[in-house]
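Following: one structure in structure tokens, then a few remarks.
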Ligand SMILES: [Fe+2]
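Numbering (the working numbering), first residue to last: 12 to 246.
Now the structure itself:
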């Protein structure tokens with residue numbers, strides 16, 4: 012299966028069919044399209060409606076996750092509902108299967124990596140913060156556990172590893188993802204690839220500790236490499 016993936020679409024309220032042509036092009040090159048969060052510029056329903064129209068021009072299945080920015084207006088469910096109405100599968104609680112390939116996805120959360128990882132210690136609010144990252148990792152694990160496919164793809168917005176955010180200032184690494192997202196990925200043999208966005212100045216390719224390939228498909232990372240804003244990955 013050939014999977015196209017693009018992150019950080021940032022559709023704006025005043026844009027006119029911003030992805031229509033691209034989605035039509037992708038439909039002729041790939042079997043599935045994955046959208047890796049920050050779908051709209053803020054999280055307004057008016058922006059989601061513009062993207063929804065473009066999603067309708069896609070003739071292949073579209074799946075994806077929301078990004079942190081899609082929570083800005085406090086209506087992430089509404090955004091998901093509009094995109095779902097256009098035929099997109101918004102991954103969050105339930106995995107999805109297409110032609111024998113599994114797809115599991117969550118937005119993820121921040122929290123850092125290695126020595127820089129925030130621990131659930133001290134003030135209740137610090138524990139709550141870490142809980143959010145653990146929760147996202149748990150949701151991903153639950154989805155991966157339900158899949159009975161030989162191959163699957165994990166779809167995220169935040170990064171599970173440091174390698175693919177390299178290029179960003181080191182001081183903000185802990186806001187770009189959490190290594191807690193890596194644990195469920197490395198627990199299941201069927202995960203063959205991971206895609207994420209969020210780190211606009213990161214690095215395209217990396218690997219989890221167990222060796223599963225991870226791709227940062229933020230369009231600003233992919234475009235300079237391939238001359239097109241989406242990645243094509245064989246699964
Ligand atoms: Fe983001």
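Glycine included, each C-beta is placed from N, C-alpha and C at the ideal position.
This structure is a prediction, so every number in the text was calculated from the model and none was measured.
message = DSSP has residue 226 in a bridge; who is on the other side?
response = 206 and 216
Buried or exposed (CB count within 10 angstroms, at least 16 for buried), residue 24 = Answer is exposed; the Cβ neighbour count stays below 16.
query = ligand 2 heavy atoms versus the CB of residue 80: any closer than 7 Å?
reply = Absent from the structure shown: ligand 2. Ligands present: ligand 1.
Residue 29 versus 52, 205, 39 and 40, residue with shortest Cα-Cα distance = If we check each option's Cα against that of residue 29, 52 comes out closest.
ask   = Are the segment 109-126 and the segment 189-203 touching, with three or more C-beta to C-beta distances below 8 Å?
value = yes
task = Can you give me the Cβ contacts of residue 95 inside the same chain, cut-off strictly under 7 Å, excluding the 5 residues immediately before and after it?
result = Taken in chain order, the residues that qualify are 101.
query = Run through DSSP, which three-state label would residue 123 get?
reply = strand
query = Measuring CA to CA, which of 153, 124 and 208 is closest to residue 141?
reply = The residue from 153, 124 and 208 with its alpha-carbon nearest to that of residue 141 is 124.
query = Any contact of the segment 123-138 with the segment 150-169, i.e. 3+ C-beta pairs under 8 Å?
reply = no
request  = Give a yes or no on whether the C-beta atoms belonging to residue 48 and residue 87 are separated by under 8 Å.
outcome  = no
ask   = So what does residue 75 bridge to, in DSSP terms?
value = 46 and 101
ask   = Hey, quick one: how far does the beta strand (DSSP E) through residue 243 stretch, first residue to last?
value = 242-245
ask   = Distance, Cα to Cα, residue 199 vs residue 112?
value = 14 Å
request  = Leaving aside the five residues before and after residue 194 along the sequence, list all residues of the same chain whose C-beta is less than 7 Å from its C-beta, in chain order.
outcome  = 148
request  = Work out the CA separation of residue 132 and residue 138 for me, nearest whole Å.
outcome  = 6 Å
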